[in-house]
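Residue numbers for the sequence shown follow the working numbering, so the first one is 8 and each next one is one higher.
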Amino acid sequence: MSFTEIFMLLVPVFGLLGLGWLAATLKLMPVAVSDALGTFAATIALPALLFHALAKAHFPDISPWPFWIAYFTGVVITWGLGDFCYRRLFGGEARIGIVAGVSSAFSNTAMLGIPIVFSVYGKAGDVPLLLLISVHLPIMTVAATVLFERIEMAQSGRRHFNVAHLTKRIVVNIVKNPIVIGIFAGAVVRALGISIEGPVEEIVVRLSDTAVPCALFALGMSLKRYGLREHIAASGVIVVLKLVVMPAIVFVMSRYVMTMPPIWSAVATVSAASATGVNAYLIANRAGVGLGLASNAITVTSAAAAITIGIWLGIIGIP
Numbered sequence: 008m009s010f011t012e013i014f015m016l017l018v019p020v021f022g023l024l025g026l027g028w029l030a031a032t033l034k035l036m037p038v039a040v041s042d043a044l045g046t047f048a049a050t051i052a053l054p055a056l057l058f059h060a061l062a063k064a065h066f067p068d069i070s071p072w073p074f075w076i077a078y079f080t081g082v083v084i085t086w087g088l089g090d091f092c093y094r095r096l097f098g099g100e101a102r103i104g105i106v107a108g109v110s111s112a113f114s115n116t117a118m119l120g121i122p123i124v125f126s127v128y129g130k131a132g133d134v135p136l137l138l139l140i141s142v143h144l145p146i147m148t149v150a151a152t153v154l155f156e157r158i159e160m161a162q163s164g165r166r167h168f169n170v171a172h173l174t175k176r177i178v179v180n181i182v183k184n185p186i187v188i189g190i191f192a193g194a195v196v197r198a199l200g201i202s203i204e205g206p207v208e209e210i211v212v213r214l215s216d217t218a219v220p221c222a223l224f225a226l227g228m229s230l231k232r233y234g235l236r237e238h239i240a241a242s243g244v245i246v247v248l249k250l251v252v253m254p255a256i257v258f259v260m261s262r263y264v265m266t267m268p269p270i271w272s273a274v275a276t277v278s279a280a281s282a283t284g285v286n287a288y289l290i291a292n293r294a295g296v297g298l299g300l301a302s303n304a305i306t307v308t309s310a311a312a313a314i315t316i317g318i319w320l321g322i323i324g325i326p
């Protein structure tokens, strides 16, 4: 596939994102619209899309473990590099180092990954994307929570984790997430053999159809609010790690080390090449550190991904 064809596939995705940013920049809409639209996309539309896709998807008899191992190998290495580079190159403190790691490895698989995969690969990308999203948020949330708890334990002089408190925080964060609820509901419907048809399916489909445009427009508007803050140099390192290093690792692992269908490798690589997810900022906000660093990562990677994802699509091809 030529770069012109790839460009034409990505224009609708990043065009909607750009229109959202332009609307916020020109103040065509109040900031509250971004919050409301983003909440609708994340709470209703995207869960509906994932619910319907999971309930209707045909899962081949292929183990997901090679796919997960390939992707999360990239996550672990990139997260570690982000943390290490921030603390050693920029002399940052450990807690902000965690934010640097999260920002380097936490892909926006929902609000950006879904539109790109669906636009480029269509239904063929459903299964691997669903397999990734179903474990992505829980794993990343657990990892960040445990690392922050470990630092708090060291600083307070405690010798042991407060297992009950830690477990409660993790479970609450995961169970309350609408994306997780949508995936779980779709899995239950599929497991029970319940058929989603008629008016019920029509409602779900219509909600699903709003997911991509609303998510992209809201994400574009939010970039104006995040903007660029402190830690500019460190943010540059994170951008390279997120958009170049992580997808490179996942590409090599999924294409040459692990065994999986070419389309699964492509979805893993494109997901790894997606911009830093908004959850990186939410994690930083909960910890009360590194908000500027996470903000920069989200803003710059979202803009730069318009170019780098096109390059990655050219490298991996369209299976």
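By construction, the Cβ of each residue, glycine as well, lies at the ideal position given by its N, Cα and C atoms.
CB-CB under 7 Å to R94, same chain, minus the five flanking residues each way: which ones, in chain order?
Stepping through the sequence shown from its first residue, residue 94 is reached at position 87. If we look at R94 and ignore the five residues flanking it on each side, its Cβ neighbours are A101 and G104.
Looking at A301 and A280, is the spacing between their C-beta atoms short of 8 Å?
The sequence position of residue 280 within the sequence shown is 273, counting from 1. The sequence position of residue 301 within the sequence shown is 294, counting from 1. For A280 and A301, no; Cβs fall outside 8 Å.
What are the boundary residues of the alpha helix (DSSP H) that includes A291?
Along the sequence shown, one-based indexing puts residue 291 at 284. Counting along the chain, the alpha helix (DSSP H) containing A291 begins and ends at V285 to A294.
Length of the line joining the Cα atoms of P185 and P71
Within the sequence shown, residue 185 is the residue found at index 178, counting from 1. Within the sequence shown, residue 71 is the residue found at index 64, counting from 1. About 23 Å.
Spatial distance of F97 from A241 (CA atoms)
Position 90 of the sequence shown, counted from the start, is the residue given in the question as residue 97. Position 234 of the sequence shown, counted from the start, is the residue given in the question as residue 241. The alpha-carbon atoms of F97 and A241 are separated by roughly 7 Å.
Coil, strand or helix - S309 by DSSP
As a first step, residue 309 is located in the sequence shown; it is residue number 302 there, counting from the start. Three-state result, S309: helix.
For K249, the nearest candidate out of V153, E156 and Y78 (CA to CA)
Reading the sequence shown from its first residue, position 242 is the one you call residue 249. Out of V153, E156 and Y78, Y78 has the C-alpha closest to the C-alpha of K249.
Taking just the CA atoms, how far does R262 sit from Y288?
Residue numbering aside, residue 288 sits at position 281 when the sequence shown is read from its first letter. Residue numbering aside, residue 262 sits at position 255 when the sequence shown is read from its first letter. If you take the alpha carbons of Y288 and R262, they lie about 31 Å apart.
Check each candidate in N292, G284, V274 and K231 and name the one with the smallest Cα separation from T32.
What you label residue 32 is simply residue 25 of the sequence shown in a count that begins at 1. Among N292, G284, V274 and K231, the Cα nearest to that of T32 belongs to K231.
Alpha carbon to alpha carbon, what distance is there between G129 and I13?
Position 6 of the sequence shown holds residue 13. Position 122 of the sequence shown holds residue 129. Distance between the alpha carbons of I13 and G129 is about 14 Å.
Going by other Cβ atoms of all chains shown within 10 Å of its Cβ, with 16 needed for buried, is P269 buried or exposed?
As a working note, residue 269 is residue 262 in the sequence shown. So P269 ends up on the exposed side.
How many angstroms separate the CA atom of F74 from the CA atom of A131?
Working through the sequence shown from its first residue, we reach residue 74 at position 67. Working through the sequence shown from its first residue, we reach residue 131 at position 124. For F74 and A131, the distance between alpha carbons rounds to 15 Å.
Leaving out five residues on either side along the sequence, give the residues of the same chain with a beta carbon under 7 Å from the beta carbon of P54.
Translated into positions along the sequence shown, residue 54 becomes position 47. Within the same chain, P54 has close Cβ partners P185, I186, I188 and G189.
Other residues of its chain near N180: CB distance less than 6 Å, five sequence neighbours each side excluded
Residue numbering aside, residue 180 sits at position 173 when the sequence shown is read from its first letter. Contacts found: T148.
Just mark N303 as buried or exposed, buried being the case when its beta carbon has 16 or more other beta carbons within 10 Å.
The residue you call residue 303 lines up with position 296 of the sequence shown. N303 should be labelled buried.
Alpha-carbon spacing of P67 relative to V207, whole angstroms
Position 60 of the sequence shown holds residue 67. Position 200 of the sequence shown holds residue 207. Using only the alpha carbons, I get a separation of about 26 Å.
Are the beta-carbon atoms of G81 and M253 separated by less than 8 Å?
Looking up residue 81 in the sequence shown gives position 74. Looking up residue 253 in the sequence shown gives position 246. In this structure, M253 lies closer than 8 Å to G81 by Cβ.
Per DSSP, which one or two residues make a beta bridge with S114?
In the sequence shown, counting from the first residue as 1, residue 114 sits at position 107. In the DSSP output, where bridge partners are listed per residue, S114 has T283.
Per-residue burial, I201 [other beta carbons within 10 Å of its own, 16 or more giving buried]:
The residue given as residue 201 occupies position 194 in the sequence shown. Exposed: under 16 other Cβ atoms inside 10 Å.
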